[in-house]
Amino acid sequence: METGRKTSESPHSFTPSVKHLVWALLAGTVLVISGTRDNEPPQPSAAQAFATPSAAPSATATATPSAIFPAAPRSTGPVRAAPGTSPAPAAPGHAGPAAPPTVRPVWPPMATTYFAPVPRTEPARTEPARTVPARTVPARTAPVAAPAVGPLPPSDPVRLRIPALRVDAPMTRLGLDAAGALRPPPDDNPLLAGWYGEGTSPGSTGTAITAGHVDTRLGPGVFQKLGLLTKGATVEIVRADRRTAVFTVDAVEVYDKKGFPDKKVYSHSERPELRVITCGGSYSKKTGYRSNVVVYATLTAVRS
Numbered sequence: 016m017e018t019g020r021k022t023s024e025s026p027h028s029f030t031p032s033v034k035h036l037v038w039a040l041l042a043g044t045v046l047v048i049s050g051t052r053d054n055e056p057p058q059p060s061a062a063q064a065f066a067t068p069s070a071a072p073s074a075t076a077t078a079t080p081s082a083i084f085p086a087a088p089r090s091t092g093p094v095r096a097a098p099g100t101s102p103a104p105a106a107p108g109h110a111g112p113a114a115p116p117t118v119r120p121v122w123p124p125m126a127t128t129y130f131a132p133v134p135r136t137e138p139a140r141t142e143p144a145r146t147v148p149a150r151t152v153p154a155r156t157a158p159v160a161a162p163a164v165g166p167l168p169p170s171d172p173v174r175l176r177i178p179a180l181r182v183d184a185p186m187t188r189l190g191l192d193a194a195g196a197l198r199p200p201p202d203d204n205p206l207l208a209g210w211y212g213e214g215t216s217p218g219s220t221g222t223a224i225t226a227g228h229v230d231t232r233l234g235p236g237v238f239q240k241l242g243l244l245t246k247g248a249t250v251e252i253v254r255a256d257r258r259t260a261v262f263t264v265d266a267v268e269v270y271d272k273k274g275f276p277d278k279k280v281y282s283h284s285e286r287p288e289l290r291v292i293t294c295g296g297s298y299s300k301k302t303g304y305r306s307n308v309v310v311y312a313t314l315t316a317v318r319s
């Protein structure tokens, strides 16, 4: 009993125990400080650089300007012991290594938020679609147009009047020449208008053809100003049956004689229509007038 007590109290066996306690205290302090830093969020800075064990501290060391997030430093501290275990004691008679310095980068204060908080999105309310009953609006009927003027029975025309041009001319019957073209009125009476006697009478169903001179060697003709007529003007034909057929101008066209549209001008119509034809365009002493002026008109009224 006496011998064992002296052995346990000898200074040689007591010294390692004190160093062991000092080493454990230092290691625990390091662990506490490291654990505290691990809980802080990373705040990268391009102006900071971390020291590494392999490189000696240098007063001129600078951080890489292009690094947005600097690399994590390599740990030079002691290896953390597993929970419930204590660090291995140092060998007897040898002092343990000094505690390594703790590398703690200085994080600048957070100037901006790198990750904005995601806003909470509430689910949209889904309501059943409301069915609006369709309103039944009575269809609007277009105003009924006035009934078209009925065709007149055949009757020879007597006079032709164009109020807008102050034309009031007698009419004569015209025929076709050997080539099948409509003969013009005689040159000795430039103020005489003619109509194709073998065709439709003005006012009857079909296309009635009338013609007259623009001028002759004796002076201006009956249709000298026909090219000035405009759409909407009227042409009146006084008939032998004492009825006046009133035609409204639909269009006024000028055609080159070499390309005169015979079918368009002379074609049959299912309603009473009128054509008024004369010469026009440029004039040459050798060939005469180069073009023809054609007035298209439709029966719109009848006066008795």
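All the letters of the sequence shown, read from the start, carry residue numbers 16 to 319 under our numbering. By construction, the Cβ of each residue, glycine as well, lies at the ideal position given by its N, Cα and C atoms. This one's a predicted model, so the numbers in the text were calculated from it and none came from an experiment.
Where LEU241 falls, given that 16 or more other Cβ within 10 Å makes a residue buried | Taking the first residue of the sequence shown as 1, we reach residue 241 at position 226. Classification of LEU241: buried, given that the 10 Å Cβ count is 16 or more.
DSSP on LEU241, reduced to helix/strand/coil?
-> The residue labelled residue 241 in the question sits at position 226 within the sequence shown. Helix at LEU241.
Ignore the nearest five residues each way along the sequence and tell me which others in SER170's own chain have a CB closer than 6 Å to its CB.
-> As a working note, residue 170 is residue 155 in the sequence shown. Taken in chain order, the residues that qualify are SER216, ARG254, ALA255 and ASP256.
Quick one: is TYR211 buried, meaning 16 or more other Cβ sit within 10 Å of its Cβ, or exposed?
-> On the sequence shown, residue 211 is found 196 positions in, with the first residue counted as 1. Classification for TYR211: buried.
Count the CB pairs spanning the stretch 262-274 and the stretch 309-316 that are closer than 8 Å, and state whether there are at least three.
-> yes
Using a Cβ-Cβ cut-off of 7 Å (strictly less than) and excluding sequence neighbours within five positions of THR222, which residues of its own chain qualify?
-> Residue 222 sits at position 207 when you count from the first residue of the sequence shown. Excluding residues within five positions, the ones whose Cβ falls inside 7 Å are THR215, TYR281, SER282, HIS283, SER284, GLU288 and ARG290.
Cβ-based neighbour list, SER319, same chain, cut-off 6 Å, excluding 5 preceding and 5 following | Counting from one through the sequence shown, the residue named residue 319 turns up at place 304. Counting only Cβ-Cβ distances below 6 Å, and skipping sequence neighbours, we find ARG258.
DSSP bridge partner residues for LEU191 (one or two, in chain order) = Taking the sequence shown and counting its residues from 1, one reaches residue 191 at position 176. Paired residue(s): LEU197.
Between the beta-carbon of ILE177 and the beta-carbon of GLY218, is there less than 9 Å?
-> Translated into positions along the sequence shown, residue 177 becomes position 162. Translated into positions along the sequence shown, residue 218 becomes position 203. Going by C-beta atoms, ILE177 is not nearer than 9 Å to GLY218.
Closer than 8 Å by C-beta to GLU213: which residues in its own chain qualify, once you throw out the five before and the five after it? Chain order, please.
-> The sequence position of residue 213 within the sequence shown is 198, counting from 1. Cβ neighbours of GLU213 beyond the five flanking positions: GLY190 and LEU191.
From THR249 to ALA316, what distance separates their C-alpha atoms?
-> Translated into the one-based positions of the sequence shown, residue 249 becomes position 234. Translated into the one-based positions of the sequence shown, residue 316 becomes position 301. Each residue's alpha carbon lies about 10 Å from the other.
Could you check what DSSP says for PRO217 in three-state terms: helix, strand or coil?
-> To locate residue 217, count along the sequence shown from 1; it is residue 202. It is coil, neither helix nor strand.
ALA316 bridges to which residues according to DSSP?
-> Within the sequence shown, residue 316 is the residue found at index 301, counting from 1. Paired residue(s): VAL261.
Beta-carbon separation of GLY236 and THR293 under 9 Å?
-> In the sequence shown, counting from the first residue as 1, residue 236 sits at position 221. In the sequence shown, counting from the first residue as 1, residue 293 sits at position 278. Yes.
In angstroms, rounded to a whole number, what distance separates the CA positions of LEU175 and ASP183?
-> Translated into the one-based positions of the sequence shown, residue 175 becomes position 160. Translated into the one-based positions of the sequence shown, residue 183 becomes position 168. C-alpha separation (whole angstroms): 6 Å.
Quick one: what's LEU40 bridged to in DSSP?
-> Translated into the one-based positions of the sequence shown, residue 40 becomes position 25. None, per the DSSP bridge assignment.
Out of LYS279, THR245 and LYS272, which has the shortest C-alpha to C-alpha gap to TYR304?
-> Here residue 304 is taken as the residue at index 289 of the sequence shown, counted from 1. That would be LYS272, whose Cα lies nearest to the Cα of TYR304.
Would the beta-carbon of GLY209 fall within 9 Å of that of THR187?
-> Walking along the sequence shown from the start, residue 209 turns up at place 194. Walking along the sequence shown from the start, residue 187 turns up at place 172. Yes.
What is the DSSP secondary structure of VAL164, counted as helix, strand or coil?
-> As a position in the sequence shown, residue 164 is number 149, starting the count at 1. Here VAL164 sits in coil by DSSP.
Rounded Cβ spacing between THR220 and PRO166 (contact assumed at less than 8 Å) = Sequence index remark: in the sequence shown, residue 220 carries index 205 (1-based). Sequence index remark: in the sequence shown, residue 166 carries index 151 (1-based). That belief holds up - the Cβ atoms of THR220 and PRO166 are roughly 4 Å apart, short of 8 Å.
What residue does the beta strand (DSSP E) around VAL173 start on, and which one ends it?
-> Numbered from 1 along the sequence shown, position 158 holds the residue referred to as residue 173. That run of the beta strand (DSSP E) goes 172-177.
Where DSSP assigns a beta bridge to ASN307, which residues make up the other side?
-> Within the sequence shown, numbered from 1, the residue matching residue 307 stands at position 292. TYR270 and CYS294, per the DSSP bridge assignment.
Closest Cα partner of VAL261 within the set GLN239, ARG181, VAL164 and PRO185 = Along the sequence shown, read from residue 1 onward, the residue named residue 261 stands at position 246. Of GLN239, ARG181, VAL164 and PRO185, the residue nearest in Cα terms is VAL164.
Sub-9 Å separation of LEU197 and ALA226 beta-carbons = As a first step, residue 197 is located in the sequence shown; it is residue number 182 there, counting from the start. As a first step, residue 226 is located in the sequence shown; it is residue number 211 there, counting from the start. Yes, the pair counts as a contact, with Cβ atoms nearer than the cut-off.
Does DSSP put ASP230 in a helix, in a strand, or in coil?
-> Along the sequence shown, one-based indexing puts residue 230 at 215. Residue state, collapsed to three classes: strand.
Which residues bound the beta strand (DSSP E) around THR302?
-> Taking the sequence shown and counting its residues from 1, the one referred to as residue 302 is at position 287. Counting along the chain, THR302 falls outside any beta strand (DSSP E), and DSSP gives it neither H nor E.
Quick one: grab the DSSP three-state call for LEU289.
-> The count along the sequence shown starts at 1 and reaches residue 289 at position 274. Looking at LEU289 - three-state DSSP - the assignment turns out to be strand.
Same chain, Cβ closer than 7 Å to ALA193, neighbours up to 5 away in sequence not counted | Taking the first residue of the sequence shown as position 1, residue 193 is located at position 178. Excluding positions up to five away in sequence, the list is empty.
What residues in its chain sit with their C-beta under 6 Å from that of VAL229, if we drop five residues either side in the sequence?
-> If you number the sequence shown from 1, residue 229 lands on position 214. Excluding sequence neighbours, VAL229 sits near GLY236, PHE238, GLN239, THR293 and CYS294.
Buried or exposed: which applies to LEU36, given that a residue is buried once 16 or more other Cβ atoms fall within 10 Å of its Cβ?
-> If you number the sequence shown from 1, residue 36 lands on position 21. By the neighbour-count rule (16 or more Cβ atoms within 10 Å), LEU36 is not buried but exposed.
Specify, as a first and last residue, the run of the alpha helix (DSSP H) that ASP202 falls within.
-> Position 187 of the sequence shown holds residue 202. Here ASP202 belongs to no alpha helix (DSSP H), and DSSP marks it neither H nor E.
Starting from LYS8, follow the alpha helix (DSSP H) in both directions and report where the run begins and ends.
-> Given a span of 16 to 319 for the chain in the structure shown, any question on residue 8 remains unanswerable.
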